[in-house]
Every structure is written in structure tokens, then in C-alpha cells.
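One structure is given below, encoded as C-alpha cells.
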Amino acid sequence: MSGPRKLHVKSYGCQMNAYDSQRMADTLTAEGYVETAVAEEADLIILNTCHIREKAAEKIYSELGRIRELKAAATDAGRDVLVAVAGCVAQAEGEEIIRRAPVVDLVVGPQSYHRLPALVARAGRRRVIDTEFPPEDKFEFLPPPSPAAVRARGVAAFVTVQEGCDRFCTFCVVPYTRGAESSRPVAKIVEEVSHLCRAGVREVTLIGQNVNGYHGLGPDGRPWSLGALLRRVADIPGVARLRYTTSHPGYVDEELIAVHRDLPALMPYLHLPLQSGSDRILAAMNRRHSQADYLRIVERMRAARADLALSSDFIVGFPGETEDDFRRTLDVVEEVGFAGAFSFKFSPRPGTPAADMADQVPEPVKVERLARLQQAIRRSQVAFNTGCLGARFDVLLEKPGRHTGQLVGRSPYLQPVQVAAPATLIGEIMTVTVIEVGPNSLFATPTPNVRRDAARLAEAGA
Ligand code: SAM
Ligand code: SF4
1 MSGPRKLHVK SYGCQMNAYD SQRMADTLTA EGYVETAVAE EADLIILNTC HIREKAAEKI
61 YSELGRIREL KAAATDAGRD VLVAVAGCVA QAEGEEIIRR APVVDLVVGP QSYHRLPALV
121 ARAGRRRVID TEFPPEDKFE FLPPPSPAAV RARGVAAFVT VQEGCDRFCT FCVVPYTRGA
181 ESSRPVAKIV EEVSHLCRAG VREVTLIGQN VNGYHGLGPD GRPWSLGALL RRVADIPGVA
241 RLRYTTSHPG YVDEELIAVH RDLPALMPYL HLPLQSGSDR ILAAMNRRHS QADYLRIVER
301 MRAARADLAL SSDFIVGFPG ETEDDFRRTL DVVEEVGFAG AFSFKFSPRP GTPAADMADQ
361 VPEPVKVERL ARLQQAIRRS QVAFNTGCLG ARFDVLLEKP GRHTGQLVGR SPYLQPVQVA
421 APATLIGEIM TVTVIEVGPN SLFATPTPNV RRDAARLAEA GA
């Protein structure tokens, strides 16, 4: 007799996709599926895709080639395998996916995940495409993860609080693939975070395409800002650390700056994409802020929280970008001293205004600028990490480390930190002193004191 049906979900792209993948798995495990990390043994394979750059989208088609072989082998062995494409490629390309990759049985857009069990049942009989933006809120219908699933995913969790985007940056597909901005009600977020914390989560990252555009309904019947939401979430028993991502400079308000001053649980690390240091390019990108506006926000955030570090996103080779424009980006990297940053070559995306702009930058120029920018970012990151040598800070211990007897955790700045500690301390916050800085990790020793966090939990009766 065959056992329970097995599900394999492979996630590409941003943290919102990682979160969605978990929620899809929760929906299907509630229907009797069991998750597997091995695609070859799955009865249902879901690729949760990313459409943000051409490379990301093309990756899906090469993966589908591999899955075609895997499915053929399963059919030869007398076993049916269903293949689903979810996420932003599904939303953007719909039927085209099945035309290019007939191995696909189901195409499902990001707003329809709550319908998955029904869609999967139908896809067993014929091909199904659902890329609607349904009127109902999918979050209302997605079941919460079981405590065992929460524990398996670790002590740091993401929670989507906002989706979609109304800002229409000229290079970006998100407003088309994820739809208009919408925010979940405060009460629902509090319920989800409380559920996660009861199952052992200690660090919560509130996520959204433009998370600081959050305007969800508060218990007082009014829209709450992200700042107000962060204050409420910080009060939930068990929440030891809070983060949020990704923010848009245009939505940074007084309240958000104030919570960085007021909430010790809010980690002093802010991901705030700038994209370009040139005002001319920022205008062409429709970012609706200047380089000076960005630097003012950085200054005010640092005034609110002196130990704040920043990371960012940059695009090089946007149409019309000159050497002078590009140098302005390098100047900002120098001036801000980012702890890290993501950088990309501009990728023309079908249907976005920038794809059709004149003055597309030749590929070799993009390649050369990206290399220079990445060098500058790397220098800045190394300087930041080196500055941590000898520092004492709190690390949330997450999982076994590189060597026996070691655990790895995250610093307030998301750096992986290796420290000697027994596995029983996973989920605890330990104060450490950094003794060595490697290229990708910090190495630290425990600093006597501080399991105050464990004490806090004990007090809360958790
Ligand atoms: N909402 C966030 C913001 O406004 O900063 C960004 C979200 S987007 C999913 C993540 C990053 O992908 C962007 O910050 C941008 O740097 C990059 N990106 C988006 N579209 C791109 C494109 N067409 N080519 C290259 N990079 C792109
Ligand atoms: Fe894309 Fe701009 Fe919206 Fe960010 S703000 S998701 S870059 S359109």
C-alpha cells in the first residue's frame, strides 16, 4: 500500500515567496500531504517562482526540463506526479508556461493559494490555470502551521503583513504580478505571531513588498501604520526580536523612526533600497525621492538609534545611466557605509516602461559597473564586519554550527555568528564577544551573564 501523498515545494526569489511556500505547504499538509525535501519521491511538485529579473524567470524553465525527466521516470514506474507552477512567473505568464512546458499541470498565481486543494484535485483530471485576483482575502482561508511545522522551521519566522505595490517604479514587475497594495488587519497578525511564539519562535520579521506602506485595520477601526503595528507586536509574549523588510524611502514616517528609538526588541538593522545615487535616474525610475531625501532618512534613523546599520538594493545600467550617474551611486555607498547591499544589472521586464526606454545600456557596461559596485559594497561590508571585532552583542542561537559543540546564531545585523554552546540553548539569546571576523561569519565566545531572555520567558510562564 502506498503511504501519504508527498509534497515538494521549491521556492525562488524573495522572502515573501519563502513565506508563501510555507503557507502552501500548511494548506496541503492539512489535506494529508507530507512534505519531502526530495523532488524524486514527491507526488506533487510546486515551483514557487520569481519574475523580478529575466534570469530568475528563465531558471524556472530549465528546472521544468529536469522535472519533465523526473515525471517521465515516475510514469514509467506507474506513479502519477503533478507539477504546479506558482508565484510571479505563474501570474505574469499564465498559459504561456504550459505552452512552453507541457509537463506543467497547474499554474497558480500568488493570490489563489488558499484554493490549492481544489485546484490540485482538478489538475489531476485536466490542466488548470488560476491567475485571478479573487475578492476574498487568501489569508482568511490559509490554515496556520502545526506547532511541529513551526518548530521544524526554526526560531526565526517571517510573517507577511502587506502585499502588492502601487508605486510603479518603471523597472519593476511587482505591481503587475502581485497586484495593488493591501494590508492584513492588526488582529490577524497578532494572532499569527502569538501562534508562532507559542510554538517556540523568538524572532519575527514582518514582511511586505513595501512593508512600511502598511495600513492595516487596527482594533480601533482605523488604519494603523507599520510603526504602530511594530509596537503592538513587540508586546506579544515570546517576541524577543523584531525586524521588518522591505521598506520604501517614500513611506518612512515619524512613527517608524520613533519605534527604532523606543523598541529594544526592534533590531538595529534596516534594509532600505536606494536603487541609484543619481537624482536623474531616480526620477526616471519613478522612485519619487532624491538622494538627499534618502541621506536625510539615514541621518534621522541613526539619530534615533545610534547603533543602526543599513543595507540596500541597487540597480546598475538603468536606461540612460551615464558614468557620472553611476559614480553618484558609488559615492552614496561610500558615504553611508552600508553593512551589506544587494546589487543587480538592470533587467528589462516585458510590460514595464523602462523595458522600452531609449538609451538601453550595453551589457558589457552593465557588467563592468556591477563589478565596480560590488567591490565598493564588499569594502563597506568588510569595514563593517571588521568594526565588530571585540564587540559584545546578543545572538539568537538558531541551529547547530560548523563544528561539534558549536551553534550558529544571528547577530542584530543578521551576521551568522559561530559560538561554542550546547544544542539545548537553541532558541536562546546569548550575549557574546566577537573574537574573529571571517569572510562570511563572525566567531564569538559566550560572555558571562546573560540568559535574561530565558528569565523573561520563564516569567511569562512560557
Ligand atoms: N519594494 C522594494 C523597493 O521598492 O525597494 C523592492 C522590491 S524588489 C522585489 C527587490 C529588488 O529587485 C529591488 O529593490 C530592485 O533593486 C531589484 N529589481 C527589481 N526590478 C528589477 C529589474 N527590472 N532589474 C534589476 N533589478 C530589479
Ligand atoms: Fe517594485 Fe518599486 Fe513597488 Fe518596490 S516600490 S515593489 S521596486 S514597483
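Here my numbering is used: the first residue of the sequence shown is 1, the next is one more, and so on. For glycine and all other residues, C-beta sits at the position ideal for the given N, C-alpha and C. Please read all numbers here as calculations on a predicted model, not as lab measurements.
For ligand 2, list every residue whose C-beta falls under 6 Å from any of its heavy atoms, going in chain order. C165, R167, F168, C169, C172, V174, P175, Q209, N210, H248
Please report the residue range of the beta strand (DSSP E) in which R392 lies. As a first step, residue 392 must be located in the sequence shown, where it is residue number 392. It spans 392-400 - the beta strand (DSSP E) in which R392 sits, taken as one unbroken run.
Closer than 7 Å by C-beta to T447: which residues in its own chain qualify, once you throw out the five before and the five after it? Chain order, please. Walking along the sequence shown from the start, residue 447 turns up at place 447. Here the set comprises R392, T431, V432, T433.
Verify whether the separation of the beta carbon atoms of P233 and V204 is less than 8 Å. In the sequence shown, counting from the first residue as 1, residue 233 sits at position 233. In the sequence shown, counting from the first residue as 1, residue 204 sits at position 204. Reading off the sequence, residue 233 comes out as Val, not Pro. Taking 8 Å as the Cβ cut-off, V233 and V204 qualify as a contacting pair.
At a cut-off of 7 Å, is R369 close to ligand 1 when judged by its beta-carbon and the heavy atoms of the ligand? Taking the first residue of the sequence shown as position 1, residue 369 is located at position 369. Result no, Cβ not under 7 Å from ligand 1.
I'd like the list of long-range same chain contacts for H248, defined as Cβ closer than 6 Å, with 5 residues on each side in sequence excluded. Sequence index remark: in the sequence shown, residue 248 carries index 248 (1-based). Excluding positions up to five away in sequence, the list reads N210.
Which one or two residues does DSSP pair with N210 in a beta bridge? Indexing the sequence shown from 1 puts residue 210 at position 210. Its beta-bridge partners do not exist; DSSP assigns none.
With H, G and I counted as helix, E and B as strand and the rest as coil, what does DSSP make of A18? On the sequence shown, position 18 is the one that residue 18 refers to. Correct three-state label for A18: helix.
Test item: CB-CB of S441 and V417 under 8 Å: On the sequence shown, residue 441 is found 441 positions in, with the first residue counted as 1. On the sequence shown, residue 417 is found 417 positions in, with the first residue counted as 1. Yes.
DSSP has N48 in a bridge; who is on the other side? As a working note, residue 48 is residue 48 in the sequence shown. DSSP output for N48 lists S11, A86 as bridge partner(s).
Sorted by chain position, which residues of the same chain lie with C-beta nearer than 6 Å to P144's C-beta, five sequence neighbours on each side aside? The residue given as residue 144 occupies position 144 in the sequence shown. The residues are H195.
Use the C-beta contact count for V336: other C-beta atoms within 10 angstroms, 16 or more gives buried, fewer gives exposed. Taking the first residue of the sequence shown as position 1, residue 336 is located at position 336. Buried: at least 16 other Cβ atoms inside 10 Å.
Hey, L396 and R378: beta-carbon distance below 8 Å or not? Within the sequence shown, residue 396 is the residue found at index 396, counting from 1. Within the sequence shown, residue 378 is the residue found at index 378, counting from 1. No, they are not a contact pair.
Identify the residues that DSSP records as bridge partners of L503: which are they? Missing from the structure shown is residue 503; the chain here goes from 1 to 462 and no further.
Can T205 be considered in contact with ligand 1, in the sense that its beta carbon sits closer than 7 Å to one or more heavy atoms? Working through the sequence shown from its first residue, we reach residue 205 at position 205. Because no heavy atom of ligand 1 lies under 7 Å away, the Cβ of T205 does not count as near it: no.
Simplified DSSP state of L263, which is helix, strand or coil: If you number the sequence shown from 1, residue 263 lands on position 263. If DSSP states are grouped into helix, strand and coil, L263 belongs with coil.
beta-carbon F326 near ligand 1 non-hydrogen atom, thresh 7 Å: Taking the first residue of the sequence shown as position 1, residue 326 is located at position 326. No; taking the cut-off as 7 Å, the Cβ of F326 has no heavy atom of ligand 1 nearer than that.
Once you ignore the five residues that flank C197 on each side, which residues in its own chain have a CB closer than 7 Å to its CB? Position 197 of the sequence shown, counting from 1, holds the residue named residue 197. Hits under 7 Å: I236, P237, G238, V239.
Complete runs of the alpha helix (DSSP H) confined to the region 252-296 [at least 4 residues]: 254-262, 279-284
DSSP on T160, reduced to helix/strand/coil? Indexing the sequence shown from 1 puts residue 160 at position 160. Reduced to three states, the DSSP call for T160 is strand.
Enumerated in chain order, which unbroken segments of the beta strand (DSSP E) with a length of 3 residues or greater are wholly contained in the region 339-393? 340-345
Go through the region 301-342 residue by residue and report every complete run of the beta strand (DSSP E) that reaches 3 residues or more, in order. 309-316
Which partner residues of G409 appear in the DSSP bridge assignment? Counting from one through the sequence shown, the residue named residue 409 turns up at place 409. DSSP lists L397, V417 as partners of G409.
Got a sec: is the Cβ-Cβ distance from E93 to anything in chain E below 8 Å? Among the chains in the structure shown there is no chain E, since it carries only a single protein chain.
Helix or strand or just coil, what does DSSP make of T205? The residue labelled residue 205 in the question sits at position 205 within the sequence shown. Strand, per DSSP.
Let's test the definition: count the other Cβ atoms within 10 Å of the Cβ of T424 and tell me whether it reaches 16, buried, or not, exposed. Taking the sequence shown and counting its residues from 1, one reaches residue 424 at position 424. Classification of T424: exposed, given that the 10 Å Cβ count is below 16.
Option nearest E321 by Cα separation, candidates I60, G390, A283, V333: For this step, residue 321 is matched to residue 321 along the sequence shown. That would be A283, whose Cα lies nearest to the Cα of E321.
Start-to-end residues for the beta strand (DSSP E) that takes in T245: Here residue 245 refers to the residue found at position 245 of the sequence shown. Its beta strand (DSSP E) spans residues 241-245.
Nearer than 7 Å: is that true of the beta carbon of S441 relative to any heavy atom of ligand 1? Taking the sequence shown and counting its residues from 1, one reaches residue 441 at position 441. Flag unset: Cβ of S441 not near ligand 1.
Grab the span of the alpha helix (DSSP H) containing T75 for me, first residue to last. Against the sequence shown, residue 75 aligns to sequence position 75. Residues 54-76.
State buried or exposed for S380, treating a residue as buried only when at least 16 other CB atoms are found within 10 Å of its CB. Translated into positions along the sequence shown, residue 380 becomes position 380. With 16 or more Cβ atoms within 10 Å of its Cβ, S380 is classed as buried.
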